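Sequence lines, in order, name chains W and Z.
Read in order, the letters of the first sequence correspond to residues 58 to 470 in the numbering used here.
Read in order, the letters of the second sequence correspond to residues 676 to 830 in the numbering used here.
These notes concern the structure reproduced below.
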Amino acid sequence: MAVKLPIYLDHNATTPVDPRVLEAMLPYFTTKFGNSASRNHSFGWEAEAGVDKARERAAALINASPKEIIWTSGSTESNNLAIKGAAAMYEKAPRTAEGGRGHIITCTIEHKAVLDPVKRLMREGFDATFIDPPKDGVVRREQIEAALRDDTILVSIMWANNEIGTINEVPEIGALCHEKGIIFHTDATQWVGKMPTNVETDNIDLLSWSGHKIYGPKGVGALYVRRRKPRVRLVAQMDGGGHERGFRSGTLNVPGIVGFGAACECCSADMDKDRDRLLALRQHLEQSITKQLDTVQINGHPTRRLPHTTNISFGFVEGESLMMGIKEIAVSSGSACTSASLEPSYVLKGLGVGDELAHSSLRFGLGRITTKEEIDYTIEHVVRAVNHLRDMSPLYDMHKEGIDITKIQWAQH
Amino acid sequence: MAYSEKVIRHYETPSNVGSFGTTKEVKEKKDIGVGIVGAPECGDVMQLQIKVNDKGVIEDAKFKTFGCGSAIACSSLATEWLKGKTLDEGVAIKNTELVQELSLPPVKIHCSVLAEDAIRAAVSDYKKKNGLEAADDHDHQHPQIEAVPCKTNAN
Chain W
58 MAVKLPIYLD HNATTPVDPR VLEAMLPYFT TKFGNSASRN HSFGWEAEAG VDKARERAAA
118 LINASPKEII WTSGSTESNN LAIKGAAAMY EKAPRTAEGG RGHIITCTIE HKAVLDPVKR
178 LMREGFDATF IDPPKDGVVR REQIEAALRD DTILVSIMWA NNEIGTINEV PEIGALCHEK
238 GIIFHTDATQ WVGKMPTNVE TDNIDLLSWS GHKIYGPKGV GALYVRRRKP RVRLVAQMDG
298 GGHERGFRSG TLNVPGIVGF GAACECCSAD MDKDRDRLLA LRQHLEQSIT KQLDTVQING
358 HPTRRLPHTT NISFGFVEGE SLMMGIKEIA VSSGSACTSA SLEPSYVLKG LGVGDELAHS
418 SLRFGLGRIT TKEEIDYTIE HVVRAVNHLR DMSPLYDMHK EGIDITKIQW AQH
Chain Z
676 MAYSEKVIRH YETPSNVGSF GTTKEVKEKK DIGVGIVGAP ECGDVMQLQI KVNDKGVIED
736 AKFKTFGCGS AIACSSLATE WLKGKTLDEG VAIKNTELVQ ELSLPPVKIH CSVLAEDAIR
796 AAVSDYKKKN GLEAADDHDH QHPQIEAVPC KTNAN
C-alpha cells in the first residue's frame, strides 16, 4: 500500500478531530445553538443538556464527579486558573507583605504554561522551588519531599512530559501532598485520554487537560477541581456572569464542550486498543532506528514513557537540516533553530543532554491515525537523511577519528 | 520556513563535499589550507579546505558542514566560487553575495557570515603554513562580522 504523504507524527502538538467528535458537535453550531445559560427557553435547555452530557463524559474519563469539572479554553487557561487561583486562595500572608505569601514547588521541565504563572507569582510575593529532573526525566516523590517547606502551599508537577513523554510519579507525589495538606496540581495534557486516570486513587486535587490533544477541538479544555477530601477552592481569574459556579465566567463554548465530551468518550472506549497498538509501533520505530544508526540516543526514561511518544537525538547532525531531509514527515525538532532564537530545547538541556545533541533531536508523536506503513516510511527516510548529513558532517569525521568534540575550544560566533 | 530552490538543490546535491585527508594528514600538507569555524552548541560548524597550486590559485575546495540547510548551501556555494580564484579573490567573496545568490532570509544571514569566516580562516591557515605574510588579514583568524550572537535570550 502506498503511503499517503505528508505523514503526521506530531500528535503531542495537536491531534485531528475524530469524525465521531465532529458529528456530535455539528448540531450545536446550527440548530442547537442556544446559550447554555439561558434558563427560560428550550434553546438554552438543549444547549445545557449538551454541556451536562459532556461534563459527565469528561468526569467519567478521570473518575471524577461531573460537578468537579470546570470548562476552560484549554490547558494553558486551566493551568493558570489552578496555579494562580490556588495560590491566591491558600496564601500564607496578605499581599502587602514583602514576599512570604507561600511556597510553590514545580519542575524546570514543565510546560511554559506552568512555569510562567509560577514566575509571575514569584514577582507577586510567592516563593518557588524549581526541581531539576534526574537524567531519565522522571520526577520522583523523594525530590518533592526534599523540597517541601513549612510554608509550601502548592505542588504542580505534570503527569507526562510533552517533549520526551516521560511519566512522573504523580500518584506518589499526590499521596505525599495529601499527607502534608498541600494542594496538588498536575498538568495532564499529554496523559489524560491516552492512559487510565483515576483522580481518587491517584490523589489529584487539580488536573488540567485539553480537547485538541485527545482528538477533540481546539479552544476547549477542562480543569478538575476536587470537591471533597479536601474541598479545593480557587480564586477565579476571570470575572463576569458567574458561569461554572463562579470559577470561570464567560459564555460556554457549547459546540467545543460537546466535542470535548465526545472525545473523552472515544478515549474511554479506544484507550486500551490505541495504547497497545501505538506502543508496538513506537518500539518498532525506536528499535529499527537504533539498529541502523550509531550514536543515537533515546531521551528520557527507557520504559517509563507514554506509548505514543519518543524523542531521539542523532549525534553529529543538526536538527533543522534533518527536518529538511524528511520534509514529508511532520515531526517536532528539539532545536528552536526554526525560530529566530538558536536555543536548543530547555527540556533536553534540563536532562543534561548536551547542546550538540539537543540541537539534533526529533520528537515523534504517534496517534490514532498512524499506520505501520507510515512508520516504515519514516524509518527508511530518517535513516537516509541522517546518513546523508553525516557524510557532510565534520563532527562525524572527528568522532570517527577519535577526537572528542566536547574538548575542542570552539570559536563562539 | 520555506527554503529557496537553490538552497534545496545544494542541500540535496551539495558540491564538493569531502576533505583532502584526515585532520592529522591535512596538517602536514603544505598546499592545503583549513578553516574550521562555528561551534556545535550553536548548531553549526563549517570545515572548509582549499588546495592551492604554486601560482597561488585555489585549484580545489572541499567542505563539510554540520548545520542547517542554509549553512550547507552557503558552504557548498562557497566551494564552487572558490575554485579557480586566487587567494586574494577568494577572501574578497562577501557574505552578502552568498545571501543574494541563495535568497537567504534575515534569520539565516549568520550562515553566510560563517561561510565568509571559513574562507578567511582557510586562506589564513594556508598563508601561515607557507610563511606568507597575511598582508590584509593579519588577525583574521575568526573575524566577528555582524554575526548573530549564538546565545540569545538564554533562560
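Ideal Cβ placement from N, Cα and C applies to all residues, glycine included.
As the structure is a prediction and not an experimental result, all values here were calculated from the model.
- Per DSSP, W:D327 is one residue of the alpha helix (DSSP H) stretching across V311 to Q349.
- Using a Cβ-Cβ cut-off of 7 Å, Z:K702 does not count as an interface residue toward chain W, since no Cβ of chain W sits closer than that to its own.
- Cβ neighbours of W:A111 within its own chain (closer than 7 Å, five residues either side excluded): I314, V315, F317 and G318.
- For the stretch 331-342 of chain W, the set of positions with a beta-carbon nearer than 9 Å to some beta-carbon of chain Z is empty.
- Assignment of alpha helix (DSSP H) within the stretch 753-784 of chain Z, counting only whole runs of 4 or more residues, yields 762-766 and 770-777 in chain order.
- CA-to-CA, the gap between W:G107 and W:Y281 works out to about 19 Å.
- Less than 7 Å divides the Cβ of Z:G744 from the Cβ of W:M381.
- Counting other Cβ atoms within 10 Å of its Cβ, W:G156 stays below 16 and is therefore classed as exposed.
- About 5 Å separates the beta carbons of W:P364 and W:R332, which is inside the 8 Å limit, making them a contact pair.
- Under the three-state reduction of DSSP output, Z:F738 falls in the strand class.
- Counted as a single uninterrupted DSSP element, the alpha helix (DSSP H) harbouring W:M82 occupies residues P76 to M82.
- Residues of chain Z with a Cβ closer than 9 Å to the Cβ of W:V108 do not exist; the shortest Cβ-Cβ separation is about 39 Å.
- Counting only runs of 4+ residues, the alpha helix (DSSP H) found wholly inside the stretch 408-452 of chain W occupies 412-415 and 429-449, in chain order.
- Z:H685: member of the alpha helix (DSSP H) spanning E680 to E687, first to last residue.
- Taking CB atoms only, Z:G708 has no neighbour in chain W less than 7 Å away.
- At the C-beta level, W:A104 and W:L211 stay beyond 7 Å of one another.
- Against chain Z, the CB of W:P451 has a partner CB under 7 Å away; the residue lies at that interface.
- W:H160: member of the beta strand (DSSP E) spanning H160 to C164, first to last residue.
- As DSSP reads the structure, W:N120 sits in no beta bridge.
- Under the three-state reduction of DSSP output, Z:A797 falls in the helix class.
- The residues N69, M215, W216, A217, N218, N219, G222, K270, L363 and T366, in chain order, have a CB closer than 8 Å to that of W:Q247 in the same chain once the five nearest residues on each side in sequence are set aside.
- For W:F304, the closest alpha carbon among the candidates W:I126, W:T133 and W:R420 is that of W:I126.
- Between Z:G693 and Z:V720 a beta carbon distance of about 16 Å is seen, past the 8 Å cut, so the two are scored as non-contacting.
- Taking a beta-carbon distance threshold of 7 Å, W:I386 does not count as an interface residue toward chain Z.
- In the DSSP secondary-structure assignment, W:H242 is bridged to W:S213 and W:L263.
- Judged by beta-carbon spacing, W:V277 lies beyond the 7 Å limit of W:L350, meaning their Cβ atoms are not closer than that value.
- DSSP places W:I201 in the helix class (H, G or I) of the three-state scheme.
- Residues of chain Z whose Cβ lies closer than 8 Å to the Cβ of W:V440 do not exist, since the nearest Cβ in that chain is about 16 Å away.
- Here the alpha carbons of W:I386 and W:V227 stand approximately 33 Å from one another.
- Contact of W:S418 with chain Z by beta-carbon distance below 8 Å is absent, the smallest such distance being about 12 Å.
- Contact annotation for Z:S778 against chain W: no contact, minimum CB-CB distance about 16 Å [criterion: below 8 Å].
- In terms of CA proximity to Z:N691, Z:K758 leads the group Z:K758, Z:S787, Z:I794 and Z:K804.
- Beta-bridge annotation (DSSP): W:T129 is paired with W:G278.
- Within a 10 Å sphere around the beta-carbon of W:H98 sit fewer than 16 other beta-carbons, which makes this residue exposed.
- By the C-beta density criterion, Z:S778 is exposed, having fewer than 16 other C-beta atoms within 10 angstroms.
- At a cut-off of 7 Å between beta carbons, Z:G742 contacts chain W.
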